[in-house]
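The structure appears right after this line, and notes come after that.
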Amino acid sequence: MNWLDTIIQGILLGGLYALFAAGLSLVFGIMRLVNLAHGDLIVLAAFLILLLVSTLGLNPFIAAAVALPMMFALGWALQFLVLNRTLGNDILPPLLVTFGLSVVIQNGLLEGFSADSRRISASALETASLKIGPVSIGTMPLLTFLSAVGVIIALNLVFYRTSLGRAFRATSDDSATAGLMGIRAERIFATATGLAMMVVTIAALYLGTRANFDPTMGPARLIYAFEAVILGGLGSFWGTLAGGIIIGVAQTVGAAINPEWQILAGHIAFLVVLVVRPRGLFPRAVD
Amino acid sequence: MSDHLSSSWTVSAHTRGSSASMLVILALVTLAVAAPLFVSRSVVQDLFFILTMLVLAQCWNLLAGYAGLVSVGQQAFVGFGAYTMFAGVSLLGMDPMAAIMLGGLAALALSVPTAFFVFRLQGAYFAIGTWVIAEIVRLSLAQWKALGGGTGTSLPSGATRDMFGVRFVADLLGMRGPQAADIVCYWLALLLAVVTIGSIYKLLRSKQGLGLAAVRDNREAACSVGVDPLWTKSFVYLVAALATGLTGALIYVQKARISPDAAFSVPDWTAYVIFIAVIGGIGTIEGPIIGVIVFYILQSLLADYGSWYLLILGLIGILIMLFAPHGLWGLFADRTGIQLFPVRRILAGQPRTKDIKGSD
Numbered sequence: 020m021n022w023l024d025t026i027i028q029g030i031l032l033g034g035l036y037a038l039f040a041a042g043l044s045l046v047f048g049i050m051r052l053v054n055l056a057h058g059d060l061i062v063l064a065a066f067l068i069l070l071l072v073s074t075l076g077l078n079p080f081i082a083a084a085v086a087l088p089m090m091f092a093l094g095w096a097l098q099f100l101v102l103n104r105t106l107g108n109d110i111l112p113p114l115l116v117t118f119g120l121s122v123v124i125q126n127g128l129l130e131g132f133s134a135d136s137r138r139i140s141a142s143a144l145e146t147a148s149l150k151i152g153p154v155s156i157g158t159m160p161l162l163t164f165l166s167a168v169g170v171i172i173a174l175n176l177v178f179y180r181t182s183l184g185r186a187f188r189a190t191s192d193d194s195a196t197a198g199l200m201g202i203r204a205e206r207i208f209a210t211a212t213g214l215a216m217m218v219v220t221i222a223a224l225y226l227g228t229r230a231n232f233d234p235t236m237g238p239a240r241l242i243y244a245f246e247a248v249i250l251g252g253l254g255s256f257w258g259t260l261a262g263g264i265i266i267g268v269a270q271t272v273g274a275a276i277n278p279e280w281q282i283l284a285g286h287i288a289f290l291v292v293l294v295v296r297p298r299g300l301f302p303r304a305v306d
Numbered sequence: 041m042s043d044h045l046s047s048s049w050t051v052s053a054h055t056r057g058s059s060a061s062m063l064v065i066l067a068l069v070t071l072a073v074a075a076p077l078f079v080s081r082s083v084v085q086d087l088f089f090i091l092t093m094l095v096l097a098q099c100w101n102l103l104a105g106y107a108g109l110v111s112v113g114q115q116a117f118v119g120f121g122a123y124t125m126f127a128g129v130s131l132l133g134m135d136p137m138a139a140i141m142l143g144g145l146a147a148l149a150l151s152v153p154t155a156f157f158v159f160r161l162q163g164a165y166f167a168i169g170t171w172v173i174a175e176i177v178r179l180s181l182a183q184w185k186a187l188g189g190g191t192g193t194s195l196p197s198g199a200t201r202d203m204f205g206v207r208f209v210a211d212l213l214g215m216r217g218p219q220a221a222d223i224v225c226y227w228l229a230l231l232l233a234v235v236t237i238g239s240i241y242k243l244l245r246s247k248q249g250l251g252l253a254a255v256r257d258n259r260e261a262a263c264s265v266g267v268d269p270l271w272t273k274s275f276v277y278l279v280a281a282l283a284t285g286l287t288g289a290l291i292y293v294q295k296a297r298i299s300p301d302a303a304f305s306v307p308d309w310t311a312y313v314i315f316i317a318v319i320g321g322i323g324t325i326e327g328p329i330i331g332v333i334v335f336y337i338l339q340s341l342l343a344d345y346g347s348w349y350l351l352i353l354g355l356i357g358i359l360i361m362l363f364a365p366h367g368l369w370g371l372f373a374d375r376t377g378i379q380l381f382p383v384r385r386i387l388a389g390q391p392r393t394k395d396i397k398g399s400d
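Chains as they are written, first to last, in the numbering used here: chain D, 20 to 306; chain E, 41 to 400.
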């Protein structure tokens, strides 16, 4: 029964990684931009929630709800004022500007909050669990996974059922022609990054309540998110969830064998899938 | 070049002033070789740091600026070269100088399987792919208990003092072992910097270099005239890994203490290196040279401000990328037209009108 427990923990952990990855996948899908600061933005959002919880005494979930529009505004401004200038045929400017941004956010957080590990307290929820047959499932991990599923359903609805989603897809396919139809690409891109930052805020809520975090842990989250996106196949949100689950299960199984192998096992699973299926498991976009 | 018109046209990478700049560079290198005779030990150590960062920046610039391969994982080769050097000295009892060579070869050997993985990824995904590889190498080496596992280890005491040439330098200049070891390390760094820059310069002026730039600027057009993009990029990736590994091994002979977190540090071996190349100017040989000087000055000024230093460096990097993407050297060269290391081919001469009439 120990193995069943390990695999279920892994699947639930995969939900967290899918939350990390969904924002990255959204931005890449629309503007072919890989944001190297994505992980640091998750950590930034976690500190924002922590700040709201500690200064206003809010419940973490309400604090996250307050943080959502703030992060949307931040993402919108970041894209509109900075990242839009880097888009083009040359891949160097977006990569290097977001890499610089990653270093700036990380060191800004170090100055503001020191290198200490923090945690957002979710009081009784932290230790609560459900007993289903022989395995017990933590309420927080389950909530994380359900949120990931919810976010993916919501993103798919936005993408395929709304006029905003139609504008997203049109700009992604051919931004020049979309422009002729009256779609302003720079605003569409800003809205997409704002939306991605809302997903980032949800990811940050669970990052901060499930375990300790500190200003330097952003890059590792970026790597997990990236692996989930690649494993799932570009352009498929459900694929991203599957990719996250693969990384999560590989990590918990690795950790069950030897605690030092947890992270390594996730990376190796990524490499193995990449060798067998270079375009991921459920490729949709051609790129 | 068998075209009948070719006789009246010449293609040359030579510019006015490039011969003069060669003489200046020769004089500077001679001065650098002699430097330890008249500067203090701490200056030699600073120069060593500058030269090693310069080599790392030149290698990164070769990948990103000429081959269009943005790597965020060059720390894999720094750390692997350094760890192999440590294994050679601590476990096999090798001379550190031989172990540095071994470190470089090990990095080269590592780059073959990693190339196999990362070349499956395009553009931005290549960048994060190289980072994943570096993480895997770091986590794997942290399992190597003989070299201290996650906490790291030190070189055996006296290992650098017994390095080839150190005793000779100590006797010749009448100084103590550790000081002579610093000087030998500095000379090795200088040699590495000169050979790296010389090789990159030679490569870029060769047919292969032209192919490299062609693939970067237009892959399809380059393929259509017979350039093999995968081979060209792989070659550059392997060469950069070799030089990066040698530099990593050399840096850790001088540091004499290693741990996985330090040897595979993203800020030290990738962030600094990227900012050096970006600030100086990507895609030129002069850029990283200017960049490393600016970097050293900023570090001296801001060393006491901790993370503010990286924050400011990051902001400068972003601003340069947005408003002067060719860096400081690009701003200078655009205004003056001066190139110290000209690699651009210039078409000179004029058509012989009779031939053109006759042939068309």
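Note that the Cβ used here is the ideal one computed from N, Cα and C, for glycine as well.
Output yes if chain E places a C-beta closer than 9 Å to the C-beta of residue i; else output no.
{"i": "D/V292", "result": "no"}
{"i": "D/R138", "result": "no"}
{"i": "D/F39", "result": "no"}
{"i": "D/G119", "result": "yes"}
{"i": "D/P113", "result": "yes"}
{"i": "D/D306", "result": "Confidence in D/D306 is poor, its pLDDT being 49 and thus under 50, which makes the residue's placement too unreliable to answer from."}
{"i": "D/E205", "result": "no"}
{"i": "D/P297", "result": "yes"}
{"i": "D/I245", "result": "Note on residue identity: the sequence assigns Phe, not Ile, to residue 245 of chain D. Chain E, which has a Cβ nearer than 9 Å to the Cβ of D/F245, makes this yes."}
{"i": "D/L283", "result": "yes"}
{"i": "D/P238", "result": "yes"}
{"i": "D/L52", "result": "yes"}
{"i": "D/V219", "result": "no"}
Would you list the residues sitting across from residue i in a DSSP beta bridge?
{"i": "D/K150", "result": "D/S155"}
{"i": "D/F232", "result": "D/R137"}
{"i": "E/I386", "result": "E/S52"}
{"i": "E/S194", "result": "E/R297"}
If you follow the alpha helix (DSSP H) that residue i is part of, which residue opens it and which one closes it?
{"i": "E/W271", "result": "P269 to K295"}
{"i": "E/L351", "result": "S347 to F363"}
{"i": "E/V84", "result": "R81 to N101"}
{"i": "E/I322", "result": "Unbroken run through E/I322: none, as it is neither H nor E."}
{"i": "D/V122", "result": "L111 to F132"}
{"i": "E/T376", "result": "G367 to T376"}
{"i": "E/M137", "result": "P136 to V158"}
{"i": "E/V209", "result": "V206 to L213"}
{"i": "D/P79", "result": "P79 to A96"}
{"i": "D/L69", "result": "H57 to L75"}
Along the chain, where does the beta strand (DSSP E) that runs through residue i open and close?
{"i": "E/S52", "result": "W49 to S52"}
Would you please verify whether the beta carbon of residue i is less than 9 Å from any beta carbon of chain D?
{"i": "E/L353", "result": "yes"}
{"i": "E/I325", "result": "no"}
{"i": "E/R160", "result": "yes"}
{"i": "E/Y277", "result": "no"}
{"i": "E/L110", "result": "This sequence places Val at residue 110 of chain E; Leu is not what is there. Judged by the 9 Å Cβ criterion, E/V110 is in contact with chain D."}
{"i": "E/W348", "result": "yes"}
{"i": "E/G370", "result": "no"}
{"i": "E/A261", "result": "no"}
{"i": "E/P365", "result": "yes"}
{"i": "E/G331", "result": "no"}
May I ask whether a heavy atom of the ligand ATP can be found less than 8 Å away from the beta carbon of residue i?
{"i": "D/G237", "result": "Among the components of this structure there are no ligands whatsoever, and the ligand ATP is therefore not found."}
In this structure, does DSSP put residue i in helix, strand or coil?
{"i": "E/S246", "result": "coil"}
{"i": "D/I30", "result": "helix"}
{"i": "E/G113", "result": "coil"}
{"i": "E/D257", "result": "helix"}
{"i": "D/L106", "result": "coil"}
{"i": "D/V248", "result": "helix"}
{"i": "D/R185", "result": "helix"}
{"i": "E/I333", "result": "helix"}
Members of the region 121-136 of chain D near chain E, C-beta cut-off 7 Å:
Contact annotation: in the region 121-136 of chain D, residues whose CB is within less than 7 Å of a CB in chain E are V122, V123, N126, G127, L129 and E130.
If contact means a Cβ-Cβ distance below 9 Å, which residues of the region 83-104 of chain D contact chain E?
Listed in sequence order: V101 and R104.
With 8 Å as the C-beta to C-beta threshold (strictly closer), list the residues of the region 289-317 of chain E near chain D in chain order.
So the close ones are V306, P307, A311, I314 and F315.
Give, in chain order, every residue of the region 170-183 of chain E whose Cβ lies closer than 9 Å to some Cβ of chain D.
Along the region 170-183 of chain E, the positions whose C-beta sits under 9 Å from a C-beta of chain D are W171, V172, I173, E175, I176, L179, S180, A182 and Q183, read in chain order.
The region 192-211 of chain E: which residues have C-beta closer than 9 Å to a C-beta of chain D, in chain order?
Taking 9 Å as the Cβ-Cβ cut-off against chain D, none of the residues of the region 192-211 of chain E qualify.
Using a beta-carbon distance cut-off of less than 9 Å, what residues from the region 87-100 of chain E approach chain D?
Residues: none.
Closer than 9 Å, Cβ to any Cβ of chain E: which residues of the region 164-175 of chain D, in chain order?
Of all residues in the region 164-175 of chain D, none places a beta-carbon less than 9 Å from a beta-carbon of chain E.
Which of the residues in the region 20-37 of chain D, read from start to end, lie with their CB under 9 Å from any CB of chain E?
Per Cβ criterion, the list is empty.
Taking Cβ-Cβ distances below 7 Å as the criterion, which residues of the region 261-279 of chain D are in contact with chain E?
When C-beta distances to chain E are compared with 7 Å, the residues of the region 261-279 of chain D below that value are E279, in chain order.
Tell me which residues of the region 114-139 of chain E have at least one Cβ-Cβ distance to chain B shorter than 8 Å, keeping chain order.
Here chain B cannot be found, since the structure's protein chains are D and E.
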